[in-house]
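Visitor: Protein chains in written order, with the numbering used here: chain A, 1 to 192; chain B, 1001 to 1330.
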């Protein structure tokens, strides 16, 4: 005999950009809809709503995911970062600054997703993750150079229908270089 | 979307008990396929049992020199794992060839194996489909089937299994462990998926409500020299129209051992045993590779609009084996 139907909504707490939000939520609500419709965090954009365009990309426990295929109820207890939370106060995140400096957008609709994705791409690459265009995936090979081909492959989950890809690739490359220099400087400082 | 209950499973036994008690419940892993299908009404579960916090997120070496992969390991973590990259490089390549960075961070190993076909008739809840609604017919046979099966299909269903990961796991003889209401069990991945026949709605040999807990890779020295290559309609983030996972062990110009599996050609990842039989013991040259591909594809039964897959797969097999042989010779 099937058990009595369980409740179809829950009271949950979401940790978003370091702030706790309490809400009662229908289980059908995606993380994307919770952010936009319930919490007024409209920086995260709804594009295809089926995991194909990347406009809704956010970071969950520092990993990039598509919020349109994430259920809000399943995100409880995780650390969620949206585009509203990537800057350090008034200081833009280096990836945000690179997109501004190098015109990494046209209409801007896909940009929050592109930026959240690029922040994670740079971390994944720094951690040594190979990609589908990495020639040697062996663990001794080390991170491949972050060439335009590597950036295009790693960013392929983010579509830009304006076609601003040329500038997006430049912006990601620029931010990745700055990130690598920061890491080198930090390592030297720690050694000194 | 239909309303549903939601629970987080704390342990494997509890998760299996929840599914056993409710035939309309489903396990929720990364949700990249299930949530999408729920939005369109193809899946209408009454309850989701979230298994992502189960202690199944480790990749561990086994005593026999293989690896034991937990079912909730994400695609990203599987692909990035140093021992996977060292011992089974084609598996890393296969995983990285699938989906996008965001989806690989969400998707899990267990879910990848149990994901559903992307056949457009299956995903359109309004129309007929024998897999979704048994006995309603298969519009793909006379309809849109340019990316459908050429091996092992039937007139009842010509859909292909969409996994890249599964193709490499099939080449390497992975064994799938599960827990069910009747206790634990395991099956070689080559016996996980049922023949299509006239029951395309029955996809796997797992007991009802079973939860995949691990996927084990036996030791396979041949896999250290392996390669996955995928052909698709755009450069990235698309399902395969054909793919190959292959490994070769060559000594003095002869093939000591060969592994070959094909993707996007059948309702399951297709282990190419006829090709392997031709390869084993034969000279590692182009003539052997072509004969091996032909031996496997002799059974192909293309439809009017997917005949291109036969020469495509032949060329792909020959190209990947040639590349592996060349690499070995260096």
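The beta carbon of each residue, even a glycine, is placed where N, CA and C say it ideally should be.
Answer with buried or exposed for residue 194 of chain A, where buried requires no fewer than 16 other C-beta atoms within 10 angstroms of its C-beta.
Guide: In the structure as shown, chain A starts at 1 and stops at 192, and residue 194 of chain A therefore has no counterpart that could be examined.
Visitor: Counting only runs that start and end within the stretch 1151-1219 of chain B, where is the beta strand (DSSP E) found for 3 or more residues in a row?
Guide: Qualifying beta strand (DSSP E) stretches, in chain order: 1175-1180, 1183-1188 and 1211-1217.
Visitor: Taking residue 1027 of chain B as the query, report the chain A residues whose CB atoms sit under 8 Å from its CB, ordered along the chain.
Guide: Under the 8 Å cutoff, chain A gives no residues; its nearest Cβ is about 12 Å from residue 1027 of chain B.
Visitor: Taking the alpha carbon of residue 1096 of chain B as the point to measure from, which residue in B:1121, B:1237 and B:1253 has its own alpha carbon closest?
Guide: Comparing Cα-Cα distances from residue 1096 of chain B to each of B:1121, B:1237 and B:1253, the minimum goes to B:1237.
Visitor: Classify residue 87 of chain A as helix, strand or coil using the three-state DSSP reduction.
Guide: In the structure shown, residue 87 of chain A sits in coil (DSSP, three-state: anything other than H, G, I, E or B).
Visitor: My guess is that residue 1246 of chain B and residue 1324 of chain B are in contact by the Cβ rule of under 8 Å, so how many angstroms apart are they, rounded?
Guide: Going by Cβ atoms, the distance from residue 1246 of chain B to residue 1324 of chain B rounds to 6 Å, so yes, they are a contact pair.
Visitor: Does residue 1251 of chain B come out as helix, strand or coil in the three-state DSSP assignment?
Guide: Residue state, collapsed to three classes: strand.
Visitor: Have a look at A:18, A:49 and A:52 and flag the residue whose alpha-carbon is nearest the alpha-carbon of residue 270 of chain A.
Guide: Beyond the ends of chain A as shown, which are 1 and 192, falls residue 270 of chain A; an answer cannot be given.
Visitor: So residue 143 of chain A contacts chain B; which residues on that side make the cut at Cβ distance below 9 Å?
Guide: Here the premise fails: no neighbours, minimum Cβ distance about 11 Å.
Visitor: Would you decide whether residue 154 of chain A is buried or exposed? Buried here means 16 or more other CB atoms lie within 10 Å of its CB.
Guide: The residue is buried, with at least 16 neighbouring Cβ atoms inside 10 Å.
Visitor: For residue 1039 of chain B, report the span of its beta strand (DSSP E) as first-last.
Guide: Here residue 1039 of chain B belongs to no beta strand (DSSP E); instead the alpha helix (DSSP H) covers 1034-1039.
Visitor: If distances are taken between C-alpha atoms only, which option among B:1280, B:1187 and B:1269 comes closest to residue 1255 of chain B?
Guide: Nearest of B:1280, B:1187 and B:1269 to residue 1255 of chain B, Cα basis: B:1280.
Visitor: On the CB-based measure, 16 or more other CB atoms within 10 Å of its CB, does residue 1309 of chain B come out buried or exposed?
Guide: Residue 1309 of chain B is buried by the Cβ-count criterion.
Visitor: In angstroms with no decimal places, state the Cα-to-Cα distance between residue 36 of chain A and residue 1076 of chain B.
Guide: Rounded to the nearest angstrom, the two C-alpha atoms are 27 Å apart.
Visitor: Going by CA-CA distance only, name the one from B:1018, B:1002 and B:1093 that's closest to residue 1179 of chain B.
Guide: Closest by alpha carbon: B:1018.
Visitor: Counting only beta-carbon atoms, is residue 27 of chain A nearer than 8 Å to chain B?
Guide: Answer yes: the Cβ-Cβ gap between residue 27 of chain A and chain B drops below 8 Å somewhere.
Visitor: Check this for me: beta carbons of residue 125 of chain A and residue 176 of chain A, under 8 Å apart or not?
Guide: Cβ atoms of residue 125 of chain A and residue 176 of chain A: closer than 8 Å.
Visitor: Which of the three DSSP states is assigned to residue 187 of chain A in this structure?
Guide: Helix at residue 187 of chain A.
Visitor: At the level of alpha carbons, what is the spacing between residue 130 of chain A and residue 1210 of chain B?
Guide: Rounded to the nearest angstrom, the two C-alpha atoms are 33 Å apart.
Visitor: Can you name, in chain order, every residue of its own chain whose Cβ lies under 7 Å from the Cβ of residue 1340 of chain B, other than the five neighbours on each side?
Guide: Here chain B covers residues 1001 to 1330 and nothing more, so residue 1340 of chain B does not appear.
Visitor: Using alpha carbons as the reference points, say which of B:1197, B:1235 and B:1091 lies closest to residue 1080 of chain B.
Guide: The candidate whose alpha carbon is nearest that of residue 1080 of chain B is B:1091.
Visitor: Per DSSP, residue 1268 of chain B is paired with what?
Guide: Residue 1268 of chain B is not bridged to any residue.
Visitor: Which residue marks the beginning of the beta strand (DSSP E) containing residue 247 of chain A, and which one marks its end?
Guide: Outside the shown range of chain A (1 to 192) lies residue 247 of chain A, about which nothing can therefore be said.
Visitor: Please identify the residue among B:1014, B:1144, B:1069 and B:1085 whose C-alpha is closest to the C-alpha of residue 1109 of chain B.
Guide: For the residues B:1014, B:1144, B:1069 and B:1085, the minimum Cα distance to residue 1109 of chain B belongs to B:1069.
Visitor: In the DSSP assignment, find the beta strand (DSSP E) that holds residue 54 of chain A and state where it starts and stops.
Guide: Looking at the DSSP string, residue 54 of chain A is not in any beta strand (DSSP E), and its letter there is neither H nor E.
Visitor: Enumerate in chain order the residues of its own chain whose CB-to-CB distance from residue 1005 of chain B is below 6 Å, with the five nearest sequence positions on each side excluded.
Guide: The answer, listed in chain order, is 1047.
Visitor: Beta-carbon separation of residue 146 of chain A and residue 1031 of chain B under 8 Å?
Guide: No; because the gap between Cβ atoms is not below 8 Å, this pair is not in contact.
Visitor: Which residues in the same chain have their Cβ closer than 6 Å to the Cβ of residue 1268 of chain B, if we skip the five residues on either side of it in sequence?
Guide: 1161 and 1193.
Visitor: Under 7 Å, CB to CB, which of the residues in the stretch 1092-1122 of chain B have a partner in chain A?
Guide: Hits within the stretch, in order: 1092, 1093, 1096, 1097, 1100, 1101, 1102, 1103, 1105 and 1106.
Visitor: Do we get a CB-CB distance below 8 Å when we pair residue 175 of chain A with the residues of chain B?
Guide: By this cut-off, residue 175 of chain A is not an interface position.
Visitor: For the beta strand (DSSP E) that residue 1060 of chain B lies in, which residues bound it at each end?
Guide: Per DSSP, residue 1060 of chain B belongs to the beta strand (DSSP E) from 1059-1061.
Visitor: For the stretch 50-72 of chain A, which residues have a CB atom closer than 7 Å to at least one CB atom of chain B, in sequence order?
Guide: Answer in chain order: 50, 51, 54, 57, 63, 64, 65, 66, 69, 70 and 71.
Visitor: At a Cβ threshold of 8 Å, is residue 74 of chain A touching chain B?
Guide: Judged by the 8 Å Cβ criterion, residue 74 of chain A is in contact with chain B.
Visitor: Identify each residue in the stretch 88-117 of chain A for which the Cβ-Cβ distance to at least one residue of chain B is less than 8 Å, and report them in chain order.
Guide: Taking 8 Å as the Cβ-Cβ cut-off against chain B, the residues of the stretch 88-117 of chain A that qualify are 117.
Visitor: Would you be able to state if there are at least three C-beta pairs under 8 Å between the stretch 1289-1309 of chain B and the stretch 1132-1151 of chain B?
Guide: Taking 8 Å as the limit for Cβ pairs, the verdict is that the stretch 1289-1309 of chain B does touch the stretch 1132-1151 of chain B.
Visitor: Starting from residue 1050 of chain B, follow its DSSP beta bridges and name the residues at the other end.
Guide: Answer is B:1008 and B:1028, bridged to residue 1050 of chain B.
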